[in-house]
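S.K.: Handing you a structure now.
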Amino acid sequence: MTGERRHSTLLRLSLGTCGVLTLTGLHQLSPGRAWRLATALPLGCFIVLLLSAAASYLLELHTIWEALVASNVLNFLLKSGIVLVTFVAQRAGLRRLQAQLETLEGRAGPRAAGAGMLDQLQAVFFWTLAITFLVLWIFYERATSHEHENHYFVISWASEVLNSPPWTYARYGFQLFVLFIGTCFMGAFDSCYFLWMKAAVFHLRVIRSTLQECCQSRATDDVEAGAVPKTAARVDGHRSWTGDGKSVTGTDGAPSANWRLKLWSGAVGDQKVTPGATLLLTAPAIKTLHDPSGQHDGGDISATTLQELSDYYDDVCRYVTSVNQVTGLPSFVVHASTLMNILLDCYLVLRQVLHLDGANTAHVLSYSLELCLFVYRLSAYSLGGDAVSQESVALRRQLLDVPWRRLTAQTSRQRDELLSKLQMPLAVVPLGFFTMKKGNLLSMTGLFLTYFVIIIQMVQMAGVDKSQHP
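Below, the structure is given as structure tokens:
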């Protein structure tokens with residue numbers, strides 16, 4: 009059996025398996041248990057057949073080019089099949105996610121305006137990644153028909169009668185449909201996963217902005233009531249005075265008795281001026297107050313507001329947990345397979361650039377585009393997961409920075425409870441193996457560079473073998 013024949017055999021089996029997965033997903037949409045049992049057995053048989061065929065195929069390979077091209081396609085089919093099975097098996101989880109998103113949007117109120125333009129464009133890029141793979145598959149098979157004995161991925165046990173052009177095109181159309189289904193599922197998973205992470209970031213920002221607004225509104229109420237902050241404050245006017253906590257002395261030596269009466273009278277009550285604080289006053293009364301440094305006491309947040317924010321944060325935590333449960337397996341597989349795709353595409357591009365398999369500019373451009381899209385996917389995943397953790401940390405920091413002047417027992421209890429919840433930042437964790445954060449890009453870059461050196465050595469060895477055995 010030639011290398012091209014073995015290549016086509018493995019891809020035929022993999023495409024057939026993807027087709028069975030597609031039909032299985034369609035059948036399992038019905039509630040009947042009989043359909044699920046009827047499709048589980050052939051699905052298991054086809055998976056076993058695929059694994060055995062792949063093992064035997066890899067043992068008989070003559071060139072590494074055949075293995076890499078086949079692995080690239082199998083990688084995509086594996087991801088799309090796992091995403092399909094996950095979407096079918098996690099229907100209840102998807103409905104739970106939808107309900108939780110509606111609950112969070114209700115809490116956010118008018119601020120829940122949906123994904124921004126940048127988020128929508130990034131989701132479109134994920135669809136571009138999936139569609140690009142489909143287009144490259146069509147281009148490669150159509151453009152290199154003279155290089156393969158069996159151009160179309162026909163069924164291995166088909167008779168010679170079925171190899172006539174009408175049947176060939178019909179089978180090619182079916183396999184194209186299977187890849188199209190896989191493309192749709194991969195594009196849907198990538199875009200949904202990214203937007204789900206962005207939704208968690210958005211609602212965490214809503215909680216943090218609500219906390220900031222409460223602090224600012226309480227500070228405004230204090231100013232309108234005539235309260236004097238303990239830090240340096242500005243009052244409309246031009247005279248400078250220094251307070252020692254008991255009286256006010258003018259820096260220009262003018263009598264300060266009347267100023268002191270105005271400062272401590274009325275709504276000011278028993279508020280004290282911080283010793284050494286500089287005040288600019290306007291006679292005969294204090295008009296407005298604001299902090300020139302941008303810092304103020306901010307007043308206290310009510311226990312009711314803290315309880316609402318705590319409940320809101322609990323909903324976000326449950327939502328992130330549901331995202332981890334629903335997308336754990338496909339996210340882990342996509343991370344691993346995407347890194348493998350990047351390495352394979354690098355090797356394929358290097359072989360083409362070094363003319364080891366003949367110069368083909370179209371192939372170099374297509375694999376380079378695919379490589380860029382895979383790198384973008386890995387980066388977007390890591391940055392999206394890191395944004396969830398960073399926003400959770402920023403929320404805790406914001407709560408710690410709130411200056412509390414009058415803490416009641418209930419408010420103190422609510423604050424401590426919310427701080428304890430924020431002690432462990434939220435994180436997107438695929439199957440619990442690792443946390444998605446920006447640091448993963450650095451570790452993956454180190455891993456990539458290590459294997460990239462090995463890839464260069466493999467390319468050089470392949471060039472030496474080709475020169476010795478033309």
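Under our numbering, think of the first position of the sequence shown as 9, with each following residue one higher. A virtual CB, placed ideally from N, CA and C, is assigned to each residue, including glycine.
Whose CA, out of Ala435, Leu381 and Asp409, lies closest to the CA of Arg423?
M.R.: Asp409
S.K.: From Gly392 to Ile464, what does the alpha carbon distance come to, in whole angstroms?
M.R.: 32 Å
S.K.: What separation, rounded to the nearest whole angstrom, lies between the Cα atoms of Arg359 and Ser345?
M.R.: 21 Å
S.K.: Write down the C-beta distance between Asp323 and Arg115 rounded to the nearest angstrom, noting that I regard them as a contact closer than 8 Å.
M.R.: 7 Å
S.K.: Have a look at Val214 and Tyr320 and give me their C-alpha separation to the nearest angstrom.
M.R.: Between Val214 and Tyr320, the C-alpha separation is close to 10 Å.
S.K.: Express the C-alpha separation of Ser339 and Thr313 in angstroms, rounding to a whole number.
M.R.: 36 Å
S.K.: Under the three-state reduction of DSSP, which class applies to Leu430: helix, strand or coil?
M.R.: In this structure, Leu430 counts as coil in the three-state DSSP scheme.
S.K.: Quick check on this structure: which residue in Ser428, Ser390, Ile350 and Thr191 has the alpha carbon closest to the alpha carbon of Arg404?
M.R.: Ser428
S.K.: Hey, how far is the Cα of Val334 from the Cα of Leu362?
M.R.: 43 Å
S.K.: By Cβ distance below 6 Å, which residues in the same chain neighbour Gly284 in space, the five residues on each side in sequence not counted?
M.R.: At Gly284 the pLDDT is 44, less than 50, meaning the model places this residue with poor confidence and gives no usable figure here.
S.K.: Round the Cβ separation of Pro433 and Ser400 to the nearest angstrom and send it over; I've been treating them as touching at under 8 Å.
M.R.: 4 Å
S.K.: Between the alpha carbons of Gln220 and Asp353, how many angstroms are there, rounded?
M.R.: 48 Å
S.K.: So, are the CB atoms of Val209 and Val396 less than 8 Å apart?
M.R.: yes
S.K.: Kindly indicate which residue of Val357, Leu317, Phe456 and Gln431 has the alpha-carbon position closest to the one of Leu386.
M.R.: Phe456
S.K.: Check whether the Cβ of Met452 sits closer than 7 Å to any heavy atom of the ligand FMN, and report yes or no.
M.R.: This structure lacks the ligand FMN; in fact it carries no ligand of any kind.
S.K.: Grab the span of the alpha helix (DSSP H) containing Ile350 for me, first residue to last.
M.R.: Under the DSSP assignment, Ile350 falls in the alpha helix (DSSP H) whose first and last residues are Ala311 to Val361.
S.K.: Evaluate Thr416 with the Cβ neighbour count: other Cβ atoms within 10 Å of its Cβ, from every protein chain shown; 16 or more gives buried, anything less gives exposed.
M.R.: Classification of Thr416: exposed, given that the 10 Å Cβ count is below 16.
S.K.: Indicate the three-state DSSP secondary structure (helix, strand or coil) for Val436 in the structure shown.
M.R.: Val436: coil per DSSP, three-state reduction.
S.K.: Using a Cβ-Cβ distance cut-off of 8 Å, determine whether Ser318 contacts chain B.
M.R.: Chain labels in this structure do not include chain B; a single protein chain is all it has.
S.K.: To which residues of the same chain is Gln315 closer than 6 Å at the C-beta, ignoring the five residues directly before and after it?
M.R.: Gln422, listed in sequence order.
S.K.: Helix, strand or coil, according to DSSP, for Thr94 in the structure here?
M.R.: Of the three classes helix, strand and coil, the one that applies to Thr94 here is helix, per DSSP.
S.K.: Which residue from Leu337, Leu439 and Cys380 puts its Cα closest to that of Val93?
M.R.: Leu337
S.K.: In this structure, how does DSSP classify Lys87 when only helix, strand and coil are distinguished?
M.R.: Of the three classes helix, strand and coil, the one that applies to Lys87 here is helix, per DSSP.
S.K.: Smallest Cα separation from Gln332: which of Asp198, Ala435, Phe193 and Asp394?
M.R.: Rather than Gln, the amino acid found at residue 332 in this sequence is Asn. The shortest C-alpha separation from Asn332 is found at Ala435.
S.K.: Report yes if the C-beta distance between Val357 and Val341 is below 8 Å; otherwise report no.
M.R.: In this structure, Val341 does not lie closer than 8 Å to Val357 by Cβ.
S.K.: Given this structure, state the Cα-to-Cα distance separating Leu430 from Asn349, to the nearest angstrom.
M.R.: When the Cα atoms are used, Leu430 and Asn349 turn out to be separated by approximately 37 Å.
S.K.: Near Asp278, what residues of its chain come up, given a Cβ to Cβ distance below 6 Å and the 5 sequence neighbours on each side ignored?
M.R.: Bear in mind that a pLDDT of 38 at Asp278, under 50, signals an unreliable position, so the model cannot answer this.
S.K.: Mark Ser420 as exposed unless 16 or more other C-beta atoms lie within 10 angstroms of its C-beta, in which case mark it buried.
M.R.: exposed
S.K.: Expressed to the nearest angstrom, what Euclidean distance is found between the alpha-carbon atoms of Cys192 and Gln398?
M.R.: 31 Å
S.K.: If you check the beta carbons only, do Met452 and Leu381 fall under 8 Å apart?
M.R.: No, they are not a contact pair.
S.K.: Give me the Cα-Cα distance between Phe460 and Leu109, rounded to the nearest whole angstrom.
M.R.: 42 Å
S.K.: Can you round the beta-carbon distance between Ser330 and Leu112 to whole angstroms, since I take them to be within the 8 Å contact cut?
M.R.: About 11 Å separates the two Cβ atoms, so there is no contact after all.
S.K.: Classify Ala107 as buried or exposed, calling it buried when 16 or more other Cβ atoms lie within 10 Å of its own Cβ.
M.R.: exposed
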